[in-house]
Every structure is written in C-alpha cells, then in structure tokens.
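So for the sequence shown, the working numbering puts the first residue at 5; every next one is plus one. Where is the CB? At the ideal position from N, CA and C, for every residue including glycine. Below: one structure, written as structure tokens.
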Amino acid sequence: MAIYKVTVATGDMVEAGTNNFISITLVGSYGESRQTTVSFLFQPGKERTLSVHCGQDLGPIVLIRLHKWRLFLEDAWFCKDVRVTAPNGTVYRFPCYQWLEGVTTVEVREGSGKKLVDDKLQILKEHRHQELAARQEAYRGQQGHGDKANFGQVGWWKNFAQGWPRCLSVDSILELDSNIQFSSIRATNFTGFLIFQGASHFLSGFLLRRSSWNSLDEMRTIFSRTQGRDIGGCLVL
5 MAIYKVTVAT GDMVEAGTNN FISITLVGSY GESRQTTVSF LFQPGKERTL
55 SVHCGQDLGP IVLIRLHKWR LFLEDAWFCK DVRVTAPNGT VYRFPCYQWL
105 EGVTTVEVRE GSGKKLVDDK LQILKEHRHQ ELAARQEAYR GQQGHGDKAN
155 FGQVGWWKNF AQGWPRCLSV DSILELDSNI QFSSIRATNF TGFLIFQGAS
205 HFLSGFLLRR SSWNSLDEMR TIFSRTQGRD IGGCLVL
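Now the structure itself:
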C-alpha cells in the first residue's frame, strides 16, 4: 500500500472558488491511482489536502488528471497548482493556473522543464500532442470567416483592416476560451485604478492645468501622490 499526500490550491481571485465536485487521478511511470474525490467546496486562496491510497508504488508522478463535475449549477473553478508528496518524501509540483468549466477533465504535467526528446513515456508524448492540438483548436477561430495563415495549422485569422496586423477570426471575445480571454478580475482592477488615478490628478490640479510647467519641483508636487514615480532622475516615494 502506497499513500500519497496531495495538496490542491485554488487561485486567490474573488470568483476562483467552486462548489462543484473536484476529483484527482495520479499518473506515474508504473501505473495510475483510482479517481479520488478532493472536495465539493473550494474557497479562493485556500488549499485542500487529501491522501490518495494506491495498491502499489506509482513510481515518479509524471502528470495528474483533475476531474470536475456538477449535479446542478455550473460554477467554474480556477486551480492554482497541485503538490503531490510521494511515500519516499519526494515532492512533485504541478502548476495549473487555469479555469475548469463545465464537466471536464484536465491533464497537468509535472512542472520540471523538459524538451521534447526528454519524453520517454508514451503517455507524455500523447499528452504533448493533445495539448498542442487543443491549443491549435483554441486559436483557430471560425474556419469560414478568415484566411489560413502561412505558417501551417497554427490558426485561422482575418484582416481587421487593410494594412493592419491580422487578428483572430472571432466576432466576440466571448467566443474565446476563458483561459485565453483577458481576466475580468484584472480588467475590473485596471478600471478601478484608472478611475482612482484620474480622480487624484483632477484633485491635484493636473487635469485642469493649461499652462506649461515652471520647474521639476512643481511637477514633483503634482505627482508626489503617485508612489514610485521617477521624475527628473529621482524616485518619488
């Protein structure tokens, strides 16, 4: 009997948690574990720890499978990473950093950087091929709307305007996978920061100013509220 300690971390964004069911399968060089339920309630920024019991030693853990399913309502989950501690104390880290939506299974490789020639196991070769195919499909766009790029099967693109760089052949960003879209959380933070800075510059008199600056000292007075701003070779704190 081999017992593996597994720690699953959820991202710290506001909506990263989920109340859907999450389970995990460990895949090693000598075999794989049974699918083991982690939990049905994940909170943002928190970790869940469980033990996975296997009938035999799995050898080096090369990848994991995260399974997400639901009974009723959909609740997307953002997995930060997974850490697996083997019976001999070896720790394997699996960086995920992606959204899991719907009823799905996601395979995540162990985080050590490896080249294509380093993949000796057939399951790793298949995973690399499937990952490449999935990425090509995600960036392919709508096949009938654009021109095929000159660099093979990387994607379908369209011309936004004559002389402009090509863009993805989609009518809306909502057609893109959540892991490709710009994070709504980051967009909200960016908008909030923009409003705050605009209000700050308005109150300091910067936005209403119509005349030239008289000196760098005057500029420092205006921008001194912005931490870390480099003005005239000095760092204003």
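Asked                                                                                                                                                                                : Found
Look at the Cβ atom of H71, then the Cβ atom of T29, and state whether they are nearer than 9 Å.                                                                                     : yes
Using CA atoms only, rank isn't needed, just tell me which of W81, E141, A90 and E135 is closest to S33.                                                                             : A90
Would you say Y101 and E114 are within 9 Å of each other, going by their C-beta atoms?                                                                                               : no
Can you tell me which of the three DSSP states Q147 falls into?                                                                                                                      : With a pLDDT of 42 at Q147, under the threshold of 50, the modelled position of this residue cannot be trusted, and the question is left open.
Among the residues of its own chain, which have a CB less than 7 Å from the CB of R170, if the five just before and after it don't count?                                            : W161, K162 and N163
Could you tell me the alpha carbon to alpha carbon distance between R74 and A13, rounded to whole angstroms?                                                                         : 19 Å
Does DSSP put T195 in a helix, a strand or coil?                                                                                                                                     : helix
Looking only at its chain, what residues have a beta carbon closer than 6 Å to the beta carbon of G117, apart from the 5 residues adjacent to it on each side?                       : none
Give every residue of the same chain whose Cβ lies closer than 6 Å to the Cβ of T22, excluding the five residues on either side of it in the sequence, and list them in chain order. : F46, D79 and W81
Considering only C-alpha positions, which residue in the set V42, S219, G209 and V174 is nearest to R87?                                                                             : V42
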